[in-house]
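Chains as they are written, first to last, in this note's numbering: chain A, 30 to 342; chain B, 42 to 652.
A short write-up of the structure that comes next.
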């Protein structure tokens, strides 16, 4: 198991390195002169050169890269070209809203998805067909459209929940909950459908396996057969779906944050990218990949817990 | 939206094997109404997109201050105008152009990348496979919109570039599908034959492998189209799309800005977007279902709920010499048992046709017959463990004087494990791979006997020693995959007798084992039976096993009992022609293998298929 974790960890580190390197060169080798983009078209050539020196962009690109990498390894991601704020600080401000939404939506989707999937697998019949139709429908609706409709109904028409903004949990847990409820639902719906379908499929497969019949032949209560034994075997593929959903949720949250005007990492990424604040964009890409690697590692650990073959050998 | 694509990949892979080609598939597809309607809808959308200039005379991007938020249903603006005075209808029809071309770009890019790499990785395997799998994993772990933001940050607003990049990001879904299909086909005999006959790899791929992956690729393309349309809307909604193109996403952006004063602006782009993406999905699913239904699997098309009719009005029982009148103290009485399964075409197939049997306490009954003769189905009927779609009826089905037919499922469940034990055929697939062997033994004991975990563990260790496992402590702590097949079968036997059942049902308990282990396991069953005085129903196709263990034998054929006799009588003087035939073939195989143990005298070629 230890070797397995180390291998996955090493693979994750390689992934982080490759992606951040690719992003660095992609950002610096394409498009217009970044300094010109920062200062705008009216700045004089002298001003541009001065700024270039100030930002350290007069060095050869490869030197810049190693400087960035060197500081990044030590946890220093540089400063914003526009606000001079340290990138790390910006990230620590923008991550909480995004993570609240993403993790909240995944918990919601995993719980209800499992419940619905298991029920559909065991009952089959009308409920099962209903689930399949509903999930096809839900998967076809882009998350931001759900978000717009939710905002229209619950915030604009019914005025039950705030339409925009985010309140930190530490400021007011009640308002925090109100501010993330609609975004979480909008993010969760698609994942919920995918997870429910996956759980349903795996459960149907597992329930047909020999060992389930043998467990039944031992006269165990149905709840133990289904929840303790069958669900555990079905959880493996479903967990992989959850880790995919995490990536999808991070991606969708960029748009959902725009709908609800939430100052999260997606909004930050959109703003920084549009004005050419490269250190911030690079930092956001890096932190996103770190999150994905961490979640994949957690899922791997959970897989090991579920499947002893992974753990023991 | 990538979620649907990746999970879709696996579902499409499941049907690769049964892929029919050409006409038949299209016929099947035409029988899926939702898919056909969707396809028609997409075709109409295409027509609308092409005829856009005829439908609306407005330039979709032209803004007019005078028309800001013009109400709908006016001659000038049939669907109104948006927050900057653009005509909604014009945007809607020109948006269809953008959406459909987005779908085309994404499909083209991801197929162009995914198909060749998938073919190569699946066919060549080795390091090419390793590297491309890593890259595919890396691409899949990137949040698409974040990557698009990065790319567009430096290049500026561009819908087409964004779609090309998205096509690359989503290409792994095609790659994985093709790679999986190729790996599945690669080991097929006809590919081997082509290789032996000296065809080049390239020609094998084009001639033999490409045709197999075409159908799943079409399915995937439909799903890719939906994803492409969705992502284009997202990009435009974020304000990153080309500014000179109409887009449903841009319309939604405008609608969201005017959500307080003109919420009706949401309606048309939402409807268009949802219907189009859903149509793509339904077309893809339609193809997949057409493929899936093409295979013979009955339970995917239709699941009939278990209808266990109680035998209050039994059909006329076949007269048999041992027809029971009074169950009395007889351990197991079966009278006129029938089991049938629904066929996809609405008929039923009967697998057990009026079987009658009885087992006395302490007696071993052998149930012998070829594969598919219904002997396992008979055994599962007694246990109450037939698959959900099976229909079972019986005149009598009683255990130790209790009527099994009148029992609730809960009451039947209380009998299982506690009073009726079961030994399965295939040891490795009958242990839960996720739990230690120990807990699989102790859980039923704690449940039925109400003993503590500690007592159950002591009991389990004693049982493991009793069934001949040399190191009970180690096996107790092991997972099923860590022990051998023979060991696992001993564990299952221990589990079957752990709560001291009165009846033991053994379904071909030695078939899956090595010949050397078979004899030991039979000895074990015999000694356990003698020790505990259990009645046993031993399902087997092996006359050696019968001769070795049984008191009584029932010979089954095509779901009916042909002959029932005491074991010595049957071997000495088989009355039925069929029994004689079976015995002869059993003896034939003995002379070939020159086995010295009776169990070698089996119908070795037989395997139990109808479970």
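Built from N, CA and C at the ideal position, the CB exists for glycine as well.
Under a Cβ-count criterion, where at least 16 other Cβ atoms within 10 Å of its own Cβ denotes burial, should residue i be classed as buried or exposed?
i: residue 499 of chain B; result: exposed
i: residue 267 of chain B; result: buried
i: residue 583 of chain B; result: buried
i: residue 319 of chain B; result: buried
i: residue 247 of chain A; result: buried
i: residue 140 of chain A; result: exposed
i: residue 578 of chain B; result: buried
i: residue 34 of chain A; result: exposed
i: residue 329 of chain A; result: buried
i: residue 200 of chain A; result: exposed
i: residue 287 of chain A; result: buried
i: residue 32 of chain A; result: exposed
i: residue 101 of chain B; result: buried
i: residue 84 of chain B; result: exposed
i: residue 185 of chain A; result: exposed
i: residue 353 of chain B; result: Because the pLDDT at residue 353 of chain B is just 36, under 50, the model does not fix this residue reliably, and the point stays unresolved.
i: residue 255 of chain B; result: exposed
i: residue 209 of chain A; result: buried
i: residue 225 of chain A; result: buried
i: residue 95 of chain B; result: exposed
i: residue 98 of chain B; result: exposed
i: residue 471 of chain B; result: buried
i: residue 261 of chain B; result: buried
Tell me which residue opens and which closes the beta strand (DSSP E) that residue i is part of.
i: residue 548 of chain B; result: 544-548
i: residue 657 of chain B; result: With chain B covering 42 to 652 only, the question about residue 657 of chain B has no answer from this structure.
i: residue 581 of chain B; result: 576-581
i: residue 438 of chain B; result: 437-440
i: residue 193 of chain A; result: From DSSP, residue 193 of chain A is part of no beta strand (DSSP E); its letter is neither H nor E.
i: residue 293 of chain A; result: Residue 293 of chain A -> no beta strand (DSSP E), and no H or E assigned at all.
Along the alpha helix (DSSP H) that carries residue i, what are the first and last residues, could you check?
i: residue 409 of chain B; result: Looking at the DSSP string, residue 409 of chain B is not in any alpha helix (DSSP H); the run it does join, the beta strand (DSSP E), is 405-410.
i: residue 236 of chain A; result: 202-236
i: residue 14 of chain B; result: Outside the displayed range of chain B (42 to 652) lies residue 14 of chain B, so it cannot be described from this structure.
i: residue 609 of chain B; result: 608-613
i: residue 82 of chain B; result: 74-91
i: residue 484 of chain B; result: 478-490
i: residue 455 of chain B; result: 450-456
i: residue 325 of chain A; result: 307-335
i: residue 379 of chain B; result: Taken as a continuous stretch (DSSP letters only), residue 379 of chain B belongs to no alpha helix (DSSP H), being part of the beta strand (DSSP E) at 373-383.
i: residue 596 of chain B; result: Taken as a continuous stretch (DSSP letters only), residue 596 of chain B belongs to no alpha helix (DSSP H), being part of the beta strand (DSSP E) at 593-598.
i: residue 276 of chain B; result: 251-278
i: residue 528 of chain B; result: 526-538
Give the C-beta separation of residue i and residue j to the nearest angstrom, bearing in mind that I take them to be a contact with Cβ-Cβ under 8 Å.
i: residue 494 of chain B; j: residue 483 of chain B; result: 7 Å
i: residue 415 of chain B; j: residue 393 of chain B; result: 4 Å
i: residue 310 of chain A; j: residue 196 of chain B; result: With 8 Å as the limit, residue 310 of chain A and residue 196 of chain B do not qualify as a contact, their Cβ atoms being about 13 Å apart.
i: residue 552 of chain B; j: residue 563 of chain B; result: The Cβ separation is near 12 Å, so there is no contact.
i: residue 128 of chain B; j: residue 295 of chain B; result: With 8 Å as the limit, residue 128 of chain B and residue 295 of chain B do not qualify as a contact, their Cβ atoms being about 12 Å apart.
i: residue 468 of chain B; j: residue 526 of chain B; result: 5 Å
i: residue 184 of chain B; j: residue 317 of chain A; result: 6 Å
Can you tell me whether residue i sits near the ligand SAH, meaning its C-beta is under 6 Å from at least one heavy atom of the ligand?
i: residue 205 of chain A; result: Summarising the ligand content, the structure contains no ligands, and the ligand SAH is consequently not present.
Please list, in chain order, the residues of the segment 423-444 of chain B that have any C-beta partner in chain E closer than 7 Å.
This model lacks chain E altogether, as its protein chains are A and B.
With 9 Å as the C-beta to C-beta threshold (strictly closer), list the residues of the segment 315-331 of chain B near chain A in chain order.
315, 316, 317, 318, 319, 320, 321, 322, 323, 326
What beta strand (DSSP E) runs, 3 residues minimum, are completely inside the segment 156-203 of chain B?
none
Which runs of the alpha helix (DSSP H) spanning at least 4 residues fall entirely within the segment 57-131 of chain A, listed in chain order?
63-68, 74-84, 90-102
By the 8 Å beta-carbon criterion, what residues does the segment 143-170 of chain A contribute toward chain B?
153, 154, 165, 166, 168, 169, 170
For the segment 324-338 of chain A, enumerate the residues whose C-beta is nearer than 8 Å to any C-beta of chain B, in chain order.
325, 335, 336, 337, 338
Any residues in the segment 128-161 of chain B with a beta carbon nearer than 9 Å to a beta carbon of chain A? Which ones, in chain order?
none
With 7 Å as the limit, tell me which residues of the segment 481-504 of chain B have their beta carbon closer than that to any beta carbon of chain A; keep them in chain order.
484, 485, 488, 489
Can you list, in chain order, the residues of the segment 173-184 of chain A whose Cβ is nearer than 8 Å to any Cβ on chain B?
173, 174, 177, 178, 180, 181
Near-chain A residues of the segment 511-534 of chain B - C-beta to any C-beta below 8 Å:
520, 522, 523, 533
Interface residues of the segment 201-233 of chain B facing chain A [CB-CB below 8 Å]
none
Positions along the segment 241-253 of chain A whose CB lies within less than 9 Å of some CB in chain B:
241, 242, 243, 244, 245, 246, 247, 248, 249, 250, 251, 253
Between the segment 258-291 of chain B and chain A, which residues of the former have a C-beta closer than 7 Å to a C-beta of the latter?
267, 271, 274, 275, 278, 279
Any residues in the segment 189-201 of chain B with a beta carbon nearer than 8 Å to a beta carbon of chain A? Which ones, in chain order?
190, 191, 192, 193, 194, 195, 196, 197
Mind checking the segment 308-319 of chain A against chain B and listing, in chain order, the residues whose C-beta falls within less than 9 Å of any C-beta there?
310, 311, 313, 314, 317, 318
Would you list, in chain order, the members of the segment 259-273 of chain A that have their beta-carbon closer than 8 Å to a beta-carbon of chain B?
261, 262, 270, 273
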